[in-house]
Amino acid sequence: MILCCGEALIDMLPRTTPASEAAFAPYAGGAVMNTAIALGRLGARSGYFGGVSNDLFGEILTDTLTASHVDHSLCARSDRPTTLAFVTLVDGHAKYAFYDENTAGRMLSTSDLPTLEDDVSTLFFGGISLVGEPAADTYAALCAQAGNRVVMIDPNIRPGFITDEARYRARLEKMLARADIVKISDEDMDWLGTTAADLLKGGTAIVLITRGAEGVDIVTREGTKTVPAQKVDVVDTVGAGDTFNAGFLAGLDQAGLLSRDKLAAVWLDDLVPAAQLGAKTAAITVSRAGANPPWSHEL
């Protein structure tokens with residue numbers, strides 16, 4: 006099972022009522038949850054771990070996970086509220102206003118960590134869940150306990166969310182040092198003051214550098230290959246990167262490559278199909294409103 010560990014929240018998406026009034030509609034979201042859902046829809050054995058509320062929004066989250074064949078039995082449930090993210094679109098790009106204080110996801114603690122069974126082959130981390138404490142430290146602790154499991158991290162750094170830069174940098178650097186796969190943008194690397202070569206020297210097997218409409222670079226010790234993005238009419242970019250992550254992991258899983266030993270020795274050419282699957286699934290997601298990853302039959 007590929008266990009996605011991080012935020013699940015409610016995206017309040019802009020809508021217009023029949024009376025032409027501006028309104029918001031609740032949809033399950035969060036970068037890590039989006040990746041879990043996309044994995045489930047692609048047919049991979051997918052699991053989700055995070056703090057989930059017992060409130061009505063928490064029920065939307067668990068119902069959505071179940072509908073996409075995602076195992077959420079490891080989630081830490083509580084009566085704290087659900088994180089809400091009010092979304093506005095500017096030129097098709099999402100802008101967010103978060104309401105996250107004392108929520109079920111934010112207050113996740115190390116006492117909530119699950120015992121990982123042997124069937125969990127891969128851990129995925131990323132998004133804003135690596136910023137807000139105490140949950141961020143909880144996910145870092147789980148990453149440190151990964152053992153011989155594959156770890157993928159998509160930091161998706163948002164400087165505006167960071168309140169303690171020194172602690173965030175220290176946490177992220179330790180997690181990246183453990184990662185077998187890192188998906189990262191040029192902007193993220195500039196902010197961190199690192200390069201793909203630095204990550205590879207630190208032990209990462211695969212670095213995926215995203216370049217938006219230009220595609221993604223796959224970088225290993227063997228060299229670099231570029232996989233182009235697919236051309237589509239973009240409705241919005243919500244969930245695009247999350248879906249790519251799922252497609253790449255699902256592709257590795259289908260190829261039998263999701264083990265640390267295999268990733269350390271993999272040839273670049275063998276990674277191209279997984280990146281192409283990621284690009285294809287992301288293209289479908291951006292062609293429709295919201296984070297709505299495709300099912301396998303849509304490919």
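In short: position in the sequence shown from 1, add 5, done, that's our numbering.
Glycine residues also receive a C-beta, built at the ideal position from the N, C-alpha and C atoms.
CB contact flag (residue i, residue j, <8 Å)
| i | j | result |
| --- | --- | --- |
| ALA13 | TYR53 | yes |
| ALA140 | GLY56 | yes |
| VAL155 | ARG265 | yes |
| LEU8 | VAL95 | no |
| THR286 | PRO278 | no |
| LEU213 | PHE129 | no |
| ALA182 | GLY208 | yes |
| THR87 | ILE15 | yes |
| LEU85 | SER58 | With the sequence shown as reference, residue 85 is identified as Arg, and Leu is not the correct amino acid for it. Cβ distance < 8 Å, so ARG85 and SER58 count as in contact. |
| ALA269 | ALA210 | yes |
| ARG111 | GLY137 | yes |
| THR127 | LEU263 | yes |
| LEU89 | MET17 | yes |
Cα-Cα separation, residue i to residue j
| i | j | result |
| --- | --- | --- |
| ALA2 | ASP274 | Here the chain has residues from 6 to 304 only, and residue 2 is not among them. |
| PRO19 | ALA294 | 11 Å |
| LEU47 | THR71 | 14 Å |
| TRP272 | ASN161 | 26 Å |
| LYS188 | LEU204 | 11 Å |
| SER35 | GLN150 | Looking at the sequence itself, residue 35 is Gly, so the reference to Ser does not match. Each residue's alpha carbon lies about 24 Å from the other. |
| ASP123 | THR21 | 48 Å |
| LEU79 | LEU113 | 13 Å |
| ALA109 | GLY63 | 9 Å |
| LEU304 | ALA260 | 17 Å |
| GLU106 | CYS10 | 19 Å |
| VAL237 | ILE223 | 22 Å |
Cβ-based neighbour list, residue i, same chain, cut-off 8 Å, excluding 5 preceding and 5 following
| i | result |
| --- | --- |
| PRO233 | GLU219, GLY220, ALA284 |
| LEU118 | THR143, ALA146, LEU147, GLN150 |
7 Å Cβ shell around residue i - same chain, five flanking residues per side excluded
| i | result |
| --- | --- |
| GLN281 | VAL232 |
| MET5 | The chain is shown from 6 up to 304; residue 5 falls before or after that span and cannot be answered. |
| VAL75 | ALA41, ILE42, GLY45, SER51, GLY52, TYR53 |
| ARG82 | VAL57, ASN59 |
| GLN235 | ALA284, LYS285, ALA288 |
Sequence-distant residues of the same chain with beta carbon closer than 6 Å to residue i, five excluded per side
| i | result |
| --- | --- |
| THR69 | ALA33 |
| ASP258 | ALA49 |
| ALA296 | GLY34, ASN39, VAL243, GLY244 |
| SER1 | Summary: the structure shown does not reach residue 1, with the chain confined to residues 6 through 304, and so no result is reported for it. |
| THR290 | GLY244, ALA245, THR248, PRO298 |
| ASP190 | A small fix is needed here, since residue 190 is Ser in this sequence, not Asp. Closer than 6 Å at the Cβ level, and outside the excluded window around SER190, lie THR215. |
(Q) For a minimum of 4 consecutive residues, which ranges assigned as the alpha helix (DSSP H) are wholly contained in the segment 137-194? (A) Listed in chain order, the complete alpha helix (DSSP H) runs (minimum 4 residues) inside the segment 137-194 are 140-149, 170-183.
**Q.** Complete runs of the alpha helix (DSSP H) confined to the segment 51-94 [at least 4 residues]
**A.** Contiguous alpha helix (DSSP H) elements confined to the segment 51-94 occur at 61-72, taking only those with 4 or more residues.
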